[in-house]
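Participant: Please find one structure pasted underneath; my questions will follow.
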DNA sequence: CAGTGGTCTAGACCACGCT
DNA sequence: GCGTGGTCTAGACCACTGA
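Chains as they are written, first to last, in our numbering: chain A, 110 to 350; chain B, 110 to 350.
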């Protein structure tokens, strides 16, 4: 079952094996899984290695241990948090709409002062500027204008971003995990330029969103200015005490 | 340093020792701590045990490891949450503005269907309806329309709510602690009626907020429909992964 | 190259819970 | 009592980093 010659560690292969058992339904929520010694014997690996695999799954919430009893498949989690940090792509998918984009601008630029401040860069540092018309089920929803520090994500300029989630790219190629974002929402009247793209009368109410996104190290890596059609887009969020 | 006869596991004692070093300032954020072998030798324990102590501190965020380099004390975390569940009163105070209100309506009413749904009450259950014009430094900011279940907060009708925080009343007299709220924001054009109150041209962009607030037992106790002037009010929030 | 953390073994004894 | 997970040892070899 496990490949001793694989570059992947044994405990990692075992983790995947267990996750497979669970997602295939062989091991169901609440079930007791075989004991650590049994698993070790089955795959001919030491108990320590087995424990490492199980330990990680426990800390990830997939399994839970009961001293003297056994290890059990956890009940599927329900995440009460309704609002998570996501990009437009995931956002629309979650609403059951098909996201797409039209790239309006995509180039190197010198950042405006407020962008420098938010991204903690100097004014002569170049940024990648990306302006996209966002559509849901083919209908215009809004316009994103995004700034990324060039020296951090230089390769981004080579990508075709029409229908791609930038967040997935950043995680895959740059090990940048969007972790937290601060945003400001306000209601403004639509300028003639935007009105043309959004196919609404000028002066229509639109939602303006400014957002700074931070990575896993609390470094800001993305500054967004976005506007969304007031008649089509509702922003949902949650506040806590 | 470690007590071999203690009922506390060695790795746990070592964890406390390391945490002590950090909180006492002997090991500062960014410092490299002694290697796993060094620590093991110092306390005469195996590397496995040392690794377990360090491993837990890593997963708790206190330490971080770099392969081939060493283990380091993490930078201290700050509570980054900037947005908390608050009412208009605290909100304005936080922005350095003086909040006040003009009560436009305050009476018993039968709730509209969507309010029943959100508050989990039946359509024939009475609610307290409170409509207030909200001002900051004497300038109109928005209008709140709030529904409270009558059978829960009957005494509320006796209060003078012009410049009072309802949340403080609820906590003091009804042991109701606002704990979480779900909200939806959108951008709409101002109706003539609201325009008069807000002293803006009709059709101006305004921020519409729908909000349901839950108490410490996850029971919804308040349903708000509010509108705020787009030119004066910016809503700030935070999203997490 | 030396030193670090990453993985792994083959044992051992203990504490817990069930029956 | 027996099987479970919890703790611990004394090794081993590997992969990565920086000098």
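Each residue gets a CB set at the ideal place from its N, CA and C atoms; glycine is no exception.
1. Which residue's Cα is closest to the Cα of residue 137(B): 174(B), 181(B) and 110(B)?
2. Does the distance from the C-beta atom of residue 252(A) to that of residue 243(A) stay below 8 Å?
3. Of all the CB atoms in chain A, is at least one closer than 8 Å to the CB of residue 292(B)?
4. Could you name the residues of chain A that residue 192(B) contacts, counting a contact when the two beta carbons are closer than 8 Å?
5. Please state if the CB of residue 179(B) and the CB of residue 155(B) are separated by a distance shorter than 8 Å.
6. Which parts of the stretch 278-336 of chain A are runs of the alpha helix (DSSP H), unbroken and 4 residues or longer, counting only runs that do not cross its ends?
7. Secondary structure at residue 200(A), three-state DSSP: helix, strand or coil?
8. Does the stretch 170-179 of chain B come close enough to the stretch 203-211 of chain B to have 3 or more Cβ pairs within less than 8 Å?
9. So residue 314(A) and residue 296(A) are supposed to be a Cβ contact under 8 Å. How far apart are they, rounded?
10. For residue 189(B), collect the residues of the same chain with a Cβ closer than 6 Å to its Cβ; drop the 5 residues on either side in sequence, then sort them by chain order.
11. Can you give me the Cβ contacts of residue 163(A) inside the same chain, cut-off strictly under 7 Å, excluding the 5 residues immediately before and after it?
12. Inspect the beta-carbon positions of residue 346(B) and residue 192(B) and report whether they are closer than 8 Å.
13. Below 7 Å on C-beta distance, what does residue 118(B) contact in chain A?
14. Taking a cut of 7 Å between CB atoms, which residues from the stretch 293-315 of chain B lie near chain A?
15. Take the Cβ of residue 331(A) as the centre, count every other Cβ of all protein chains shown within 10 Å, and call the residue buried at 16 or more, exposed below.
16. Does the separation of the CB atoms of residue 302(A) and residue 321(A) fall below 8 Å?
17. Using a Cβ-Cβ distance under 8 Å, would residue 86(A) count as near chain B?
18. Just to make sure I have the definition right: I need the residues of chain B whose C-beta is within less than 8 Å of the C-beta of residue 288(A). Which are they?
19. Are the beta-carbon atoms of residue 217(B) and residue 235(B) separated by less than 8 Å?
20. Answer yes or no: does any C-beta atom of chain A fall closer than 8 Å to that of residue 344(B)?
21. Any C-beta of chain A sitting closer than 8 Å to the C-beta of residue 177(B)?
22. For residue 129(B), count neighbouring C-beta atoms within 10 Å of its own C-beta (all shown protein chains included) and say buried if the count is 16 or more, exposed if not.
23. Near residue 203(B), which residues of its chain fall below 8 Å by C-beta distance, leaving aside the five closest residues on each side in sequence?
24. Go to residue 240(B), then tell me how far its beta strand (DSSP E) extends in each direction, as first and last residue.
25. Could you tell me whether the Cβ atoms of residue 350(B) and residue 261(A) are closer together than 8 Å?
26. On the criterion of 16 or more Cβ atoms from any shown chain inside 10 Å, does residue 232(A) qualify as buried, or is it exposed?
27. Quick test of your reading: residue 215(A) and residue 166(A), contact by CB under 8 Å. State the CB separation rounded to the nearest angstrom.
28. With a cut-off of 8 Å, does the C-beta of residue 332(A) fall near any C-beta of chain B?
29. Buried or exposed for residue 308(B), going by 16 or more other Cβ atoms inside 10 Å?
30. Span of the beta strand (DSSP E) holding residue 346(B)?
31. Measure the beta-carbon distance from residue 337(B) to residue 250(B) and round it to whole angstroms, keeping in mind my assumption that it falls under 8 Å.
32. What residues of chain B sit near residue 196(A), judged by a beta carbon separation below 9 Å?
33. Could you tell me if residue 124(B) is buried or exposed, where buried requires 16 or more neighbouring beta carbons within 10 angstroms of its beta carbon?
34. List, in order along the chain, the chain B residues whose C-beta lies closer than 8 Å to that of residue 129(A)?
35. Answer with buried or exposed for residue 185(A), where buried requires no fewer than 16 other C-beta atoms within 10 angstroms of its C-beta.
36. Per DSSP, what are the beta-bridge partners of residue 257(A) in this structure?
Facilitator: Once the coordinates are examined:
1. Nearest C-alpha to residue 137(B): 181(B).
2. Between residue 252(A) and residue 243(A), the C-beta spacing is below 8 Å.
3. yes
4. 348
5. No, Cβ-Cβ distance for residue 155(B) and residue 179(B) is not below 8 Å.
6. 301-307
7. helix
8. no
9. Indeed they touch by this definition, with Cβ atoms about 6 Å apart.
10. Below a pLDDT of 50, predicted positions are generally treated as unreliable, and residue 189(B), at 49, falls in that range; the measurement from the model is reported next regardless. Excluding positions up to five away in sequence, the list is empty.
11. 145, 172 and 180
12. yes
13. The contacting residues do not exist; residue 118(B) stays about 13 Å from chain A at best.
14. 293, 294, 295, 296, 297, 298, 314 and 315
15. buried
16. no
17. Examination of residue 86(A) is not possible in this model, given that chain A is present from 110 through 350 alone.
18. 349 and 350
19. yes
20. yes
21. no
22. exposed
23. 195
24. Segment 236-245, the beta strand (DSSP E) holding residue 240(B).
25. no
26. exposed
27. Incorrect: roughly 41 Å between the Cβ atoms, too far for contact.
28. no
29. Around the Cβ of residue 308(B), a 10 Å sphere holds fewer than 16 other Cβ atoms; the residue is exposed.
30. 344-349
31. 6 Å
32. What residue 196(A) touches in chain B: nothing, since even the nearest Cβ is about 11 Å away.
33. Answer is buried; the Cβ neighbour count reaches 16.
34. Here the premise fails: no neighbours, minimum Cβ distance about 24 Å.
35. exposed
36. Beta-bridge pairing links residue 257(A) to 237(A).
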